[in-house]
Amino acid sequence: MEQVNCDVSPLKAEMKEQLTAISSAIEQSMLVLENQNGCLLGEFEKIRSRFSHLETIAASFYLQCYLGPYTDKYADLSLAVQNLAARRQGALIVVEREDAVSSLLQAGIPIRAWMTHSLLESIFFPGSPLHDGAVVIRESQIISAANVLPLSHVSVGEQKLGTRHRAALGLSEQSDALVIVVSEETGKASFALHGHLYPIITH
Numbered sequence: 549m550e551q552v553n554c555d556v557s558p559l560k561a562e563m564k565e566q567l568t569a570i571s572s573a574i575e576q577s578m579l580v581l582e583n584q585n586g587c588l589l590g591e592f593e594k595i596r597s598r599f600s601h602l603e604t605i606a607a608s609f610y611l612q613c614y615l616g617p618y619t620d621k622y623a624d625l626s627l628a629v630q631n632l633a634a635r636r637q638g639a640l641i642v643v644e645r646e647d648a649v650s651s652l653l654q655a656g657i658p659i660r661a662w663m664t665h666s667l668l669e670s671i672f673f674p675g676s677p678l679h680d681g682a683v684v685i686r687e688s689q690i691i692s693a694a695n696v697l698p699l700s701h702v703s704v705g706e707q708k709l710g711t712r713h714r715a716a717l718g719l720s721e722q723s724d725a726l727v728i729v730v731s732e733e734t735g736k737a738s739f740a741l742h743g744h745l746y747p748i749i750t751h
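Numbered by the numbering used here, the letters in the sequence shown go through residues 549 to 751 in order.
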């Protein structure tokens, strides 16, 4: 992933804490291995769980870093994603960065309004005529809604991805846009960047 320069954040401190804990768990595993009666299987599960939690923290930290230079509405965007995830309302949000995305998607309905978390949440309210499709954000504005994104054909491990996640990956494969997706099935949120999908914290 690209280099970013971020201010000190509580998430960064939490990442250091998790890395220290993982390092200690690995050292403990070495001690277990030296004990001929020891079994490492339980230790592996603990380390795997900590790595998974660390990935989520790191993704949330870098999400703010990647969006900071392109929108001053990060707080509204973050709050909207948290609320949508809590209500398990599916969402697909494109934040345009250096690359224009208009030629890569099937255009939806023009909005051209200042972004607020309440407006963003209302667009993805179930039954809303605009909820099915992606919102495009440029700087501090919601440019359009109900856009159709190109779908990725890449699978993530053995995981079968839904249409929203494939759309998020698809656009991120063809541009430097950052695409946030909220799953209505699980309430979990992720972001796609450069063809990769990263889980983020929503609570």
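The beta-carbon is built from N, C-alpha and C at its ideal position, and this holds for glycine as well.
Query, Result
"Residue from 666, 642, 637 whose Cα sits closest to the Cα of residue 730", "637"
"Contact under 7 Å by Cβ, residue 699 with residue 715", "yes"
"Every unbroken beta strand (DSSP E) inside the segment 585-673 [3 residues or more]", "639-643, 657-662"
"Which listed residue (559, 598, 587) has its alpha carbon closest to that of residue 573", "598"
"Counted within 10 angstroms of its Cβ, other Cβ atoms place residue 713 as buried (16 or more) or exposed", "buried"
"Boundaries (first-last residue) of the beta strand (DSSP E) holding residue 682", "682-686"
"Host alpha helix (DSSP H) of residue 727 (start-end)", "It is not in any alpha helix (DSSP H) - residue 727 instead sits in the beta strand (DSSP E) that spans 726-730."
"Closest Cα partner of residue 659 within the set 559, 671, 620, 701", "671"
"Test: residue 632 CB closer than 7 Å to a CB of chain D", "Of the chains in the structure shown, none is chain D; there is only one protein chain."
"Exposed unless 16 or more other CB atoms sit within 10 angstroms - verdict on residue 669", "buried"
"Cα-Cα separation between residue 655 and residue 695, rounded to whole angstroms", "5 Å"
"Between the CA atoms of residue 587 and residue 651 - distance to the nearest angstrom", "56 Å"
"Buried or exposed (CB count within 10 angstroms, at least 16 for buried), residue 624", "buried"
"Distance, residue 605 Cα to residue 747 Cα", "9 Å"
"Residue 744: first and last residue of the uninterrupted beta strand (DSSP E) it sits in", "744-748"
"Contacts around residue 570, its chain only, beta-carbon distance under 8 Å, and the 5 residues preceding and following it disregarded", "595, 598, 599, 602"
"Other residues of its chain near residue 645: CB distance less than 7 Å, five sequence neighbours each side excluded", "618, 724, 725, 726"
"Beta-ladder partner(s) of residue 741, from DSSP", "744"
"Beta-carbon separation (whole angstroms), residue 739 vs residue 633, contact threshold 8 Å", "At roughly 12 Å, the Cβ-Cβ gap does not stay under 8 Å, so residue 739 and residue 633 are not in contact."
"Alpha-carbon to alpha-carbon, residue 737 and residue 665", "16 Å"
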